[in-house]
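J.: The structure that follows is given in the form of structure tokens.
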Amino acid sequence: LFRSGNERFRESVMNSGVLYADGLQLLDGKTTPAQSFSLRKFVQQHADRKGAKPWIFLTSSPQHEDAISGIVAAWIEAAVAGIFSLGTRPDRRAWFVIDEFPSLPQLRFVQRLLAEGRGYGAAAILGFQGMRQVRERYGVEGGEALLGLANTICAFRTIEPAATKGLSDLLGDAEVERTTETGEVNS
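Here it is, written out as structure tokens:
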């Protein structure tokens, strides 16, 4: 990393580090080991629990959204890694509901979650306003790849002409047959 000739790589790594470390200042650093919380351990402890499963909501306030998005992404990745570390078990069900998905930094693990998660008992719901957001974050090919990994797509409304056409192509055509009966009345 610090060898001569690695200047561009070093600069890229340092810029990424600054981006993700920015939110660390918002965390409480006074937690003792007894008070600490591990998202990965939480997922591992509760994934195979019978009955109702606990929920965790990772939220941020609008004024801290940019600063904390890298940390939220790391927490989600830790939870996904916790499920994958338990081994395959398709009868397990651990849901990952990620709303405003493109507002988070590019999540490297999401393709694996969508592609392989079912075998580990993981299911994902990715919420976003339009495909343009996903393409801006993941690129055209990356966005299409993510959409291609989804087993179920729910499209509620879009005003983007390209997205409307894309969703229409994705969902396919429907043939509707209507029968009508007419009759003659003799007078």
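Going by this note's numbering, the first residue of the sequence shown is number 277, and it counts up by one from there. Every residue, glycine too, gets a C-beta built ideally from N, C-alpha and C.
Find out if the Cβ-Cβ distance for the pair Thr440, Thr434 is shorter than 8 Å.
T.: The answer is yes: Cβ separation under 8 Å.
J.: So Glu353 and Phe385 are in contact, right, with Cβ under 8 Å, and what is the actual spacing, rounded?
T.: Right, their Cβ atoms sit about 5 Å apart.
J.: Among the residues of its own chain, which have a CB less than 8 Å from the CB of Leu422, if the five just before and after it don't count?
T.: For Leu422, where only same-chain residues beyond five positions count, the Cβ hits under 8 Å are Val386, Gln387, Leu390, Leu402, Val410, Tyr414.
J.: Give me the residue from Ala349, Pro366, Gly393 with the minimum Cα distance to Glu376.
T.: If we check each option's Cα against that of Glu376, Ala349 comes out closest.
J.: Considering only their Cβ atoms, is the gap separating Asp367 from Gly397 smaller than 8 Å?
T.: For Gly397 and Asp367, yes; Cβs fall inside 8 Å.
J.: Taking Ile359 and Ala323 to be in contact with their CB atoms under 8 Å, please state how far apart those CB atoms are, rounded to whole angstroms.
T.: Going by Cβ atoms, the distance from Ile359 to Ala323 rounds to 6 Å, so yes, they are a contact pair.
J.: Run through the segment 339-415 for me and flag every whole alpha helix (DSSP H) of 4 or more residues, listed as ranges in chain order.
T.: If we require 4 residues or more, the alpha helix (DSSP H) runs fully inside the segment 339-415 come out as 341-361, 386-396.
J.: Alpha carbons only, please: which of Ala426, Thr458, Glu283, Gln382 is nearest the one belonging to Ser345?
T.: Looking at the Cα atoms, Gln382 is the closest of the given residues.
J.: Whose C-beta lies closer than 7 Å to the C-beta of Arg365 among residues of the same chain, with five residues either side of it excluded?
T.: Result list for Arg365: Tyr396, Gly397, in chain order.
J.: Can you tell me whether DSSP reads Ser444 as helix, strand or coil?
T.: Residue state, collapsed to three classes: helix.
J.: Give me the residue from His340, Phe333, Arg316 with the minimum Cα distance to Val356.
T.: For Val356, the nearest C-alpha among the options comes from Arg316.
J.: Whole angstroms is fine: what's the gap from Ala426's alpha carbon to Val461's?
T.: Approximately 55 Å, taken between the alpha carbons.
J.: Under three-state DSSP, which class holds Arg454?
T.: The answer is coil: DSSP assigns Arg454 none of H, G, I, E or B.
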